[in-house]
Amino acid sequence: MRIITPLVLALGLITATSTALTYAAYQGPAANQVSNAKAAANAPDDTQVLLTGRLTKSLGDEHYLFEDSSGEIKVEIDNALFRNLDVTDATVVELKGEVDKEWHGREVEIDSIRVVTSQG
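Numbering (this note's numbering), first residue to last: 1280 to 1399.
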């Protein structure tokens, strides 16, 4: 019994460590990533997107109008991603996500949001 307990603990530690390592992932730029609204509006489905600009309008039901110097595109942001962020139409944000081409058009499904600068 005294030998089994340390063995079980060691196996549990190895399993926990290997499980934690499986969640690590590459964090650099994607091969086919676009970085502005105009390019995202013309990109194929599932293209990775990194946008910096402003959310200018709420369209309801977790949909927003995003704008940068190239134009604008509809984005979908889960309410949970906003956490404790205060975002207005003057706030510059960085959005990471992917193009989602649906029958009704393209939008960007957002995976993360970060406040770059808060103005006004």
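Idealized CB from N, CA, C, for every residue including glycine.
Report the residue from the options whose alpha carbon sits nearest the alpha carbon of residue i.
i, options, result
"residue 1382", "1347, 1324 and 1365", "1324"
"residue 1340", "1326, 1331, 1356 and 1349", "1356"
"residue 1329", "1342, 1315, 1335 and 1322", "1315"
"residue 1389", "1350, 1359 and 1335", "1359"
"residue 1327", "1396, 1378 and 1395", "1378"
"residue 1396", "1368, 1386 and 1376", "1368"
"residue 1366", "1311, 1312, 1321 and 1345", "1345"
For residue i, which three-state DSSP category applies?
i, result
"residue 1360", "helix"
"residue 1383", "coil"
"residue 1390", "strand"
"residue 1377", "strand"
Can you tell me whether residue i is buried or exposed, with buried defined as 16 or more other CB within 10 angstroms of its CB?
i, result
"residue 1353", "buried"
"residue 1393", "exposed"
"residue 1362", "exposed"
"residue 1373", "exposed"
"residue 1384", "exposed"
"residue 1319", "buried"
In the DSSP assignment, what are the bridge partners of residue i?
i, result
"residue 1370", "Residue 1370 is not bridged to any residue."
"residue 1348", "For residue 1348, which the question treats as bridged, DSSP gives no partner whatsoever."
"residue 1355", "1342 and 1388"
Using a threshold of 7 Å, is the CB atom of residue i nearer than that to any non-hydrogen atom of the ligand NAD?
i, result
"residue 1388", "Summarising the ligand content, the structure contains no ligands, and the ligand NAD is consequently not present."
Taking the runs of the alpha helix (DSSP H) that are 4 residues or longer, which of them lie wholly in the stretch 1313–1339? 1316–1321
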